[in-house]
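Residues in the sequence shown are numbered consecutively from -4, following the numbering used here. The C-beta atom is built at its ideal place from N, Cα and C for all residues, glycine as well. Structure record follows, encoded as structure tokens.
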Amino acid sequence: MGQLLDKFQGKEWKEKQIRIITDKVFNRVKDDAGRPTLTFEELYIAVLLIYNDLNKRLPGPHFDPPTKEQIKTLMQESDINFDGELDREEFVKFIRRITKDTFISVSQGLIITLAVAPTVALLTKRTCENVPGVGKVVQKVPNSIYASLVTLVIVAFQQGAERS
């Protein structure tokens, strides 16, 4: 439950996740190259590694990385010192730009789940109260607990479907 709640803390969680992923990937690619900056080819590999990590860590659908042309354009815009390579801070800003839409998509999916699921739960509770055998148990469960349980089940099903 704690891990689930961590995902809903918003901007701080997002920034922490981006920094963890970017530092890990930057160090990995930089160590292979031996320089403190990334060329376009190294940046392309880094972007693929970043999107691989994002798809593993974030709830929601699979996200495709940008094309080479998009990466080249964004690299030129993110290269503050115009040396044709990105240092660590330029790399973090670059990754924030290309992943902005990804995090918006994930956030919208979570909001829909957390807003719609409790409403659906309360509507189904009224229906379940008329089912013989189950109805008495459902009537005794408070609305808030019932809505929470159904929401957790829906989130679990979503995560299970994403892993398949």
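Just checking my contact of V129 with C123 at CB under 8 Å: how many whole Å lie between their CB atoms?
-> Taking the Cβ atoms as the reference, V129 lies roughly 6 Å from C123, within the contact range of under 8 Å.
CB-CB length for I90 against T17, believed under 8 Å = A Cβ-Cβ separation of about 5 Å places I90 in contact with T17 under the 8 Å criterion.
Thinking C-alpha only, which one of F35, K135, E10 is nearest D78?
-> D78 has its Cα closest to that of F35, out of F35, K135, E10.
Rounded to whole angstroms, what's the CA-CA distance from T32 to I75? Just pull it up for me.
-> CA-CA distance, T32 to I75, rounds to 13 Å.
Can you name, in chain order, every residue of its own chain whose Cβ lies under 8 Å from the Cβ of L43, other than the five neighbours on each side?
-> The beta carbon of L43 lies closer than 8 Å to those of P60 in the same chain, with the five residues before and after it left out.
Neighbourhood of R14 by C-beta distance below 8 Å, restricted to the same chain and skipping five residues each side = Leaving aside the five residues that flank R14 on each side, the residues in its chain whose CB is nearer than 8 Å to its CB run, in chain order, V87.
Return the CA-CA distance between I93 and I149, expressed in angstroms with no decimal places.
-> Going by the C-alpha atoms only, they are around 29 Å apart.
Local Cβ density within 10 Å of S139, reported as buried at 16 or more and exposed below that | In this structure S139 is exposed. Its beta-carbon is surrounded by fewer than 16 other beta-carbon atoms within 10 angstroms.
In chain order, what residues of the same chain have a beta carbon less than 7 Å from the beta carbon of Y39, not counting five sequence neighbours either side?
-> These residues qualify, in order along the chain: K63, I66.
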